[in-house]
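Worksheet: one structure, shown below.
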Amino acid sequence: MILTWVPYLVIAALVVAIILWSLRILREYERGVVFTLGRYSGVKGPGLIILIPFVQQLVRVDLRTIVLDVPSQDIISRDNVSVQVNAVVYFRVVDPDKAIIQVERYREATSQLAQTTLRSVLGKHDLDEMLSERDRLNADLQEILDRQTDSWGIKIANVEIKHVDIDESMVRAIARQAEAERNRRARIINAEGEHQAAERLVDAARALAAVPEAMQLRYLSALHDIAGDKTSTIVFPMPIDVLRHLSAQSGPAQRETA
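Rendered as structure tokens:
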């Protein structure tokens, strides 16, 4: 009697297994690309999805932002400097059907495209631009990658250059160049300062020469400064006109005494 129920139990178990196999639960950040007998039939999810057993197939696609670490790339800059550049790409799938149908293994394809684009774009720039204009280079990389992956249903959210590593000897050469540039700027600033000071002195001399009273005030100011000096020897400056006047007055006095 028990043996007669075995086939029914097996059939019931197969039916339950088939039903369970036909059920899929997709999370909020997942979508399912459904193929019916190999042909695309739509995107499902999120929630409970029921498939026709042995007829339909579902491929899960994650819609969350994916962080892709681009391996270090050896790049020759436009000024023939060898550098190693690391970058990171943030992207997400916006069209699940394109990501599955238009490209095979979209993550790997995006990684390879990011590597080749990184070498191509940075190879057109000098080392100074790689170091000082990183924001602009990030924007250029993001725009190029986003345009090229649009047909794959992928949106490039951001591209960040993490490191630009150069050889140690090149680091020392750059340091020497920076020091030479600082010295050059310092000499230019000093020369400009001396030039401006000389121009101020010339202007002051012209102003004093134009107003004789100003020269006398300057003379009295100098006398005041000398009077405040506590040294034992004082050099008393006197205009030549005063000396001539005193000499003219002392001549007749000496003749009268004689």
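Residue numbers (the UniProt record's numbering): 1 to 258.
We treat Cβ as the ideally placed atom computed from N, Cα and C, and that holds for glycine.
Keep in mind that this is a model prediction, so the values were computed, not measured.
I'd like to confirm the pairing. Which residues does DSSP put opposite Q57 in its beta bridges? F35, per the DSSP bridge assignment.
On the premise that L68 lies in contact with T110, defined as a C-beta separation below 8 Å, what is that separation, rounded to the nearest angstrom? Right, the Cβ-Cβ distance comes to about 6 Å (below 8 Å), so this counts as a contact.
Nearest-angstrom Cα separation, counted from W152 out to V15: 39 Å
Are the beta-carbon atoms of residue 294 and Y90 separated by less than 8 Å? Nothing in the structure corresponds to residue 294, since the chain is present only between 1 and 258.
Distance check for V164 and R103, CA to CA, integer angstroms please. Residue identity differs from the one stated: residue 103 is Val in this sequence, not Arg. Distance between the alpha carbons of V103 and V164 is about 31 Å.
Shorter than 8 Å from the beta carbon of W21 to some beta carbon of chain C? Looking at the structure shown, chain C is missing, and only one protein chain is on hand.
By a C-beta neighbour count over all protein chains shown, 10 Å radius and 16 as the cutoff for buried, is T149 buried or exposed? buried
Is T149 near the ligand GDP, judged by its Cβ being under 7 Å from some heavy atom? Of the ligands one can find in the structure shown there are none, so the ligand GDP has no counterpart to examine.
Spatial neighbours of T36 in its chain, beta-carbon cut-off 7 Å, leaving aside the 5 residues before and after: Excluding sequence neighbours, T36 sits near V55 and Q56.
Could you check the C-alpha separation between D74 and L118 for me, to the nearest Å? 10 Å
Pick from L137, L201, Q196 and L127: whose alpha carbon is nearest that of D167? L127
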